[in-house]
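S.K.: Each residue of the first sequence is one higher than the one before, counting from 233 in the numbering used here.
Glycine included, each C-beta is placed from N, C-alpha and C at the ideal position.
Structure in structure tokens, see below.
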Amino acid sequence: MDPHYHPQTVESEAQEYWEDNRSFHVTEDPEREKFYCLSMFPYPSGRLHMGHVRNYTIGDVISRYQRMCGRNVLQPMGWDAFGLPAENAAMKNKVAPARWTRENIDYMRGQLRQLGFAYDWRREIATCDPDYYRWEQWFFTRLLEKDLVYRRESTVNWDPVDQTVLANEQVIDGRGWRSGALVEKRRIPQWFVRITAYAEELLQGLDDLPGWPAQVKTMQRNWIGRSRGVLIRFPRTDAGEALEIFTTRPDTLMGVTYMALAAQHPLVEALADGNSELAAFVDECNRGSTAEADMAVMEKKGLPLGIRVRHPVTDEEIPVWVANFVLMEYGTGAVMSVPAHDQRDWEFARAHGLPVRQVIAPAAGDRAVDLETEAFTEAGVLVNSGPFDGLASDEAFDAIATHLAAKNLGEVQVNFRLRDWGVSRQRYWGAPIPVLHDGSGSPRAVPAGDLPVTLPEDVHYEGGANPLHGMPAFLDGGTDEQGRPLRRETDTFDTFMESSWYYARFACPDADRMLDGRANYWLPVDQYIGGIEHAILHLLYARFFHRLMRDEGLVETDEPFTNLLTQGMVLKDGAKMSKSKGNTVDPQELIEQYGADTVRLFMMFAAPPEQTLEWSDSGVEGAHRFLRRLWKLVATSETGQPGETDWAGLALSAAATALRRKTHQTIDKVSDDVSRRYTFNTAIAAVMELCNEVSRFEPADAGDTAVLREALESVVLLLSPITPHICHRLWFELGHARAVIDQDWPRADSAAMRETEIRLAVQVNGKVRAQLEVAADAPEEDIRAAALADENVQRFVAGRTPKKIILVPRKLVNIVVA
RNA sequence: GCCGGGAUGGCGGAACUGGUAGACGCGCCAGAUUCAAAAUCUGGUAUCCGCAAGGAUGUGGGGGUUCGAUUCCCCCUCCCGGUACCA
């Protein structure tokens, strides 16, 4: 055996073996337990980046481990191929988005193959392929029939110079990224999917996901934002329609001193007509981006509208204002303002000289409330509230709700922060929305027989308007029953549509329907792996889409992903790797220099998967050095030939017993780390420790050789999911005829693991003062006595009588004096 | 702003259920090998005091609970992710 490690040869040989033996082709087999392991598919941006390598290595390690445990493992790969970057690249490089995307896919596929991931490539999907998006279009028309999609006006960022809609990402400090023009908000008709109809179910479903990280479930809960409150109508003092608001704090109703409306509220728009000051304010509110993060940090501004409403309990007149911080998209686009008990209302009232009226006092009466400094926002007891005085906040909720209901001025309502999902994009590079317009304003679905609506790919894309507008052949949708011309919709789907169901299509990528019976064999996904940045949007849309497919009879389960692993970012010099920051590391160069196994090993060793990973060039060299040492260890060790060993019949030397103990302790730890904890870094550290012991071990007899062989075989088996190529070769070098990929995961022998001597720490008053070597089965009294007898312990006990002695089995003794 | 997360040696990290802080690796230092260097091997390496034995301090900052806190509770600082049209 060559004493030197040549990763390039080793890796191409291993990959050839897997290819020739179709090692990763899988089919449904009801006799075997299935395991569907899925990593979030990449956007084909050009080349793989380190985040991809990390994500896919984690998925591959889990897949290969599950396979060695005997499961029928599906691990597919595909491409989230529609999206904005292709259009940007098209403008920059004068190349059609389709061509750019497909070339990127070809290049990146090659990179994934070089990394040796165990994918069933026969199942590859690209979402820009009509064979994929046609089913999404069909599904949309089904949702339209079921009234689960609808069309309404909603706000977009409009660049008045480029005459185009901008994504939030393309608005920088309120200006268009290319034109530099001040961005305007524009309301245009768009398609929405009724995710709010499933809000309650999506919230409840989180309780049935024990395999999801708690933080992701918390974020989704907060995002859905279920709140119980009261819908209250404030009658106008003039003839107008009553003003509706929703509040979760009806107990503060008696403290309302003004109302605030969103600038886009229909009432404000009506009043602005003919009021130049108000019109100017609305104009100002209509500048800048639509992003919530921008809206939330804006200076709070407002203007009195000159109209008044009546308080629903007291009939008192209340002024109505327009305010830039009230969102039209949430609730009714209007709020009741209680400055004494809401911090934002308080700040606005102070800025505009509006009254602050306290109506809640702290339940524990001795606490001071200083409304000169800030609002008092906690629940408490009602004061200055007439008939409701003395009620606790929760009692007042019911009392006031009942009072309003009796007057027909309000009712209890459950509200969600979650908004319906807007799926229209005014973009070319996306799946066409399968809808026809007849000019009457009531669009119709494209009939199933006419699907797919294929996106023309041969276009000259130069930015600005969607090129579909200038393509008569695309726009022409034939005629209706009366012979009137129909025009095709030019908007395309939000790319989250494609990524909401790809996991299901992988089960049956060639089906002549959206999904066939194979989906129910493979689903749900047993392990899903992807970036934490997808914690809300993608993962919530996919959970929603899965339920839509369930209700269409396409899948049987409620949830798509049983277990979720959210990986952290890959950083360099404390910042996310990005081209703009110039701190990227190209995986390609590293693969060429060190080989795929080194890159995979470093990625898994540098940090646990959920944590951000700090890139280190010298760490990569360290990983490579370890693989070279491992190679040499196998090459130079005298291990005999494979075979069954009768351990019970062997009298082992002390050193051999110790190495065997270490081997089985390592198998035990690595199994737990890989299967339960997903801490591949500590699994690798444990294997390194075992290797260090192996290199110190000098076999002297047949028993020693057997122990050494067992240790090295274990190392190769335990590492094989992480560094599959080198392990493939080393397994053969150890004399085996069958490839390591088809071996069973090793089992720890608990008898071999058992320690005979253990080390205990002896503390005096919680500080370590001595170490104790005792037999593992030593009685407690002996341990206490030995601890007290120690010279240094005696020094710190200083003749005092111990108050108590705490003995933690196998860990420590703590002697408490004084 | 709001929601979620994070902070441990010179660096990445370990300590899994409140029980010996710093496993493993990187880097650095010393030695071996070499004409020399690279590579490789051996030993050392939290900080401070000490020849040593040993001691004191130490897990972003401040407080608390406990025999015992990196771990639990309260307050604060900074950094990261998301914030509905980046994916």
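1) Please tell me whether Asp652 and Thr428 are closer than 8 angstroms, where the distance is taken between their beta carbons.
2) In chain order, what residues of the same chain have a beta carbon less than 7 angstroms from the beta carbon of Leu463, not counting five sequence neighbours either side?
3) Pick out whichever of Gln343, Asn336, Phe858 has its Cα sitting closest to the Cα of Val236.
4) Would Ser617 and Val588 qualify as a contact pair, given that the criterion is a beta-carbon distance under 8 angstroms?
5) To the nearest angstrom, report how far apart Gly872 and Thr937 are at their CA atoms.
6) Reducing DSSP to helix, strand and coil, say where Gly408 ends up.
7) Would you kindly report the start and end of the unbroken beta strand (DSSP E) that includes Pro551?
8) Taking the straight line between their C-alpha atoms, what separation do you get for His543 and Phe466?
9) Going along the chain, which residues of its own chain have a beta-carbon closer than 8 angstroms to the beta-carbon of Asn400, five neighbours each way excluded?
10) For the stretch 974 to 1017, which segments carrying the beta strand (DSSP E) assignment without a break, of at least 3 residues, lie completely within its bounds, in sequence order?
11) Are the stretch 889 to 901 and the stretch 973 to 980 touching, with three or more C-beta to C-beta distances below 8 angstroms?
12) Kindly list the residues whose CB is nearer than 7 angstroms to the CB of Gly662, restricted to its own chain and excluding five residues on each side of it in sequence; keep chain order.
13) What whole-angstrom Cβ distance do Gln1003 and Ile1047 have, given they're in contact under 8 angstroms?
14) Quick one, are the C-beta atoms of Gly851 and Ala867 less than 8 angstroms apart?
15) Which residues does DSSP list as the beta-bridge partners of Glu846?
16) I'd like to confirm the pairing. Which residues does DSSP put opposite Arg465 in its beta bridges?
17) In the DSSP output, what is Tyr760 paired with across the bridge?
18) In angstroms with no decimal places, state the Cα-to-Cα distance between Lys894 and Leu922.
19) I need the straight-line Cα distance from Gly681 to Pro666, nearest angstrom please.
20) Quick test of your reading: Gly935 and Ala890, contact by CB under 8 angstroms. State the CB separation rounded to the nearest angstrom.
21) Determine the direct distance from the alpha carbon of Arg892 to that of His770, and round the result to whole angstroms.
22) Among the residues of its own chain, which have a CB less than 7 angstroms from the CB of Ser411, if the five just before and after it don't count?
23) So if DSSP puts Arg540 in a beta bridge, which residue, or which two residues, is it bridged to?
24) If you follow the alpha helix (DSSP H) that Gln897 is in, where does it begin and where does it stop?
25) Per DSSP, Val667 is paired with what?
26) Do Glu260 and Tyr753 have their beta-carbon atoms positioned less than 8 angstroms apart in this structure?
27) Between which two residues does the alpha helix (DSSP H) holding Glu509 run?
28) Between Thr798 and Pro756, is the Cβ-Cβ spacing less than 8 angstroms?
29) Select from Leu499, Ala1050, Met703, Leu376 the residue whose C-alpha is nearest the C-alpha of Lys1036.
30) Going by alpha carbons, who is nearest to His573 out of Lys449, Ala504, Leu485?
31) Buried or exposed for Gly219, going by 16 or more other Cβ atoms inside 10 Å?
32) Within this structure, are the beta carbons of His957 and Glu251 separated by less than 8 angstroms?
33) Identify, in the order they occur along the chain, each residue of the same chain with its Cβ nearer than 6 angstroms to the Cβ of Gln447, setting aside the five sequence neighbours on each side.
34) What three-state label does DSSP hand Ser946 in the structure shown?
35) So Ala918 is in the alpha helix (DSSP H); what residue range does that whole segment cover?
36) Taking the DSSP output, what are the residues bridged to Tyr490?
M.R.: Here's the rundown:
1) On the first sequence, residue 652 is found 420 positions in, with the first residue counted as 1. On the first sequence, residue 428 is found 196 positions in, with the first residue counted as 1. In this structure, Thr428 lies closer than 8 angstroms to Asp652 by Cβ.
2) Taking the first sequence and counting its residues from 1, one reaches residue 463 at position 231. So the qualifying residues of the chain are Glu476, Phe478, Gly642, Glu643, Gln645.
3) Along the first sequence, one-based indexing puts residue 236 at 4. This sequence places His at residue 236; Val is not what is there. Of the candidates Gln343, Asn336, Phe858, the residue whose Cα lies closest to the Cα of His236 is Phe858.
4) Stepping through the first sequence from its first residue, residue 617 is reached at position 385. Stepping through the first sequence from its first residue, residue 588 is reached at position 356. The Cβ atoms of Ser617 and Val588 do not sit closer than 8 angstroms to each other.
5) Taking the first residue of the first sequence as 1, we reach residue 872 at position 640. Taking the first residue of the first sequence as 1, we reach residue 937 at position 705. Cα to Cα, the separation comes out at about 7 angstroms.
6) Position 176 of the first sequence holds residue 408. In this structure, Gly408 counts as strand in the three-state DSSP scheme.
7) Residue 551 sits at position 319 when you count from the first residue of the first sequence. Run containing Pro551: 549 to 555, per the beta strand (DSSP E) assignment.
8) On the first sequence, position 311 is the one that residue 543 refers to. On the first sequence, position 234 is the one that residue 466 refers to. Their Cα atoms are separated by approximately 6 angstroms.
9) In the first sequence, residue 400 corresponds to position 168, counting from 1. Closer than 8 angstroms at the Cβ level, and outside the excluded window around Asn400, lie Asn389, Ser521, Thr522, Ala523.
10) Those beta strand (DSSP E) runs which fall completely within the stretch 974 to 1017 and span 3+ residues are 989 to 996, 999 to 1007.
11) Yes, they touch.
12) Sequence index remark: in the first sequence, residue 662 carries index 430 (1-based). Within the same chain, Gly662 has close Cβ partners Phe314, Thr724, Phe725, Thr727.
13) Counted from its first residue, the first sequence places residue 1003 at position 771. Counted from its first residue, the first sequence places residue 1047 at position 815. Actually they do not touch by this definition, with Cβ atoms about 14 angstroms apart.
14) Position 619 of the first sequence, counted from the first residue, corresponds to residue 851. Position 635 of the first sequence, counted from the first residue, corresponds to residue 867. Pairing Gly851 with Ala867 gives a Cβ-Cβ distance that is not under 8 angstroms.
15) Translated into the one-based positions of the first sequence, residue 846 becomes position 614. DSSP links Glu846 through a beta bridge to Leu803.
16) Numbered from its first residue, the first sequence carries residue 465 at position 233. Beta-bridge pairing links Arg465 to Glu476.
17) Numbered from its first residue, the first sequence carries residue 760 at position 528. Answer is Leu270, Leu796, bridged to Tyr760.
18) Along the first sequence, one-based indexing puts residue 894 at 662. Along the first sequence, one-based indexing puts residue 922 at 690. In a straight line, the C-alpha of Lys894 is about 7 angstroms away from that of Leu922.
19) Start at 1 with the first residue of the first sequence, and residue 681 comes out as number 449. Start at 1 with the first residue of the first sequence, and residue 666 comes out as number 434. The straight-line gap from Cα to Cα measures roughly 12 angstroms.
20) As a position in the first sequence, residue 935 is number 703, starting the count at 1. As a position in the first sequence, residue 890 is number 658, starting the count at 1. The C-beta distance from Gly935 to Ala890 rounds to 13 angstroms, too long to meet the 8 angstroms contact threshold.
21) Start at 1 with the first residue of the first sequence, and residue 770 comes out as number 538. Start at 1 with the first residue of the first sequence, and residue 892 comes out as number 660. Cα to Cα, the separation comes out at about 47 angstroms.
22) Here residue 411 refers to the residue found at position 179 when the first sequence is read from its first residue. The beta carbon of Ser411 is closer than 7 angstroms to those of Asp391, Val393, Asp394 in its chain, skipping five residues each way along the sequence.
23) Working through the first sequence from its first residue, we reach residue 540 at position 308. Its beta-bridge partners are Pro551.
24) Position 665 of the first sequence, counting from 1, holds the residue named residue 897. Where Gln897 is concerned, the enclosing alpha helix (DSSP H) starts and stops at 886 to 904.
25) For this step, residue 667 is matched to residue 435 along the first sequence. Its beta-bridge partners are Ala677.
26) Walking along the first sequence from the start, residue 753 turns up at place 521. Walking along the first sequence from the start, residue 260 turns up at place 28. Yes. Within cutoff.
27) Within the first sequence, the letter at position 277 stands for residue 509. For Glu509, the uninterrupted alpha helix (DSSP H) run begins and ends at 508 to 517, by DSSP.
28) For the purposes of this step, residue 798 is taken as residue 566 along the first sequence, with counting starting at 1. For the purposes of this step, residue 756 is taken as residue 524 along the first sequence, with counting starting at 1. Taking a C-beta distance under 8 angstroms as the contact criterion, Thr798 and Pro756 do not qualify as a contact pair.
29) Locating residue 1036 in the first sequence gives position 804, counting from the first residue. Across the set Leu499, Ala1050, Met703, Leu376, the C-alpha of Ala1050 shows the shortest separation from the C-alpha of Lys1036.
30) On the first sequence, position 341 is the one that residue 573 refers to. His573 has its Cα closest to that of Leu485, out of Lys449, Ala504, Leu485.
31) Since the first and last residues shown for the chain are 233 and 1050, residue 219 lies out of range.
32) Locating residue 957 in the first sequence gives position 725, counting from the first residue. Locating residue 251 in the first sequence gives position 19, counting from the first residue. No, these two residues do not count as a Cβ contact at 8 angstroms.
33) In the first sequence, counting from the first residue as 1, residue 447 sits at position 215. Hits under 6 angstroms: none found.
34) Counted from its first residue, the first sequence places residue 946 at position 714. In the three-state reduction of the DSSP assignment, Ser946 falls in the helix class.
35) Indexing the first sequence from 1 puts residue 918 at position 686. Where Ala918 is concerned, the enclosing alpha helix (DSSP H) stretches over 912 to 928.
36) What you label residue 490 is simply residue 258 of the first sequence in a count that begins at 1. Answer is Ser569, bridged to Tyr490.
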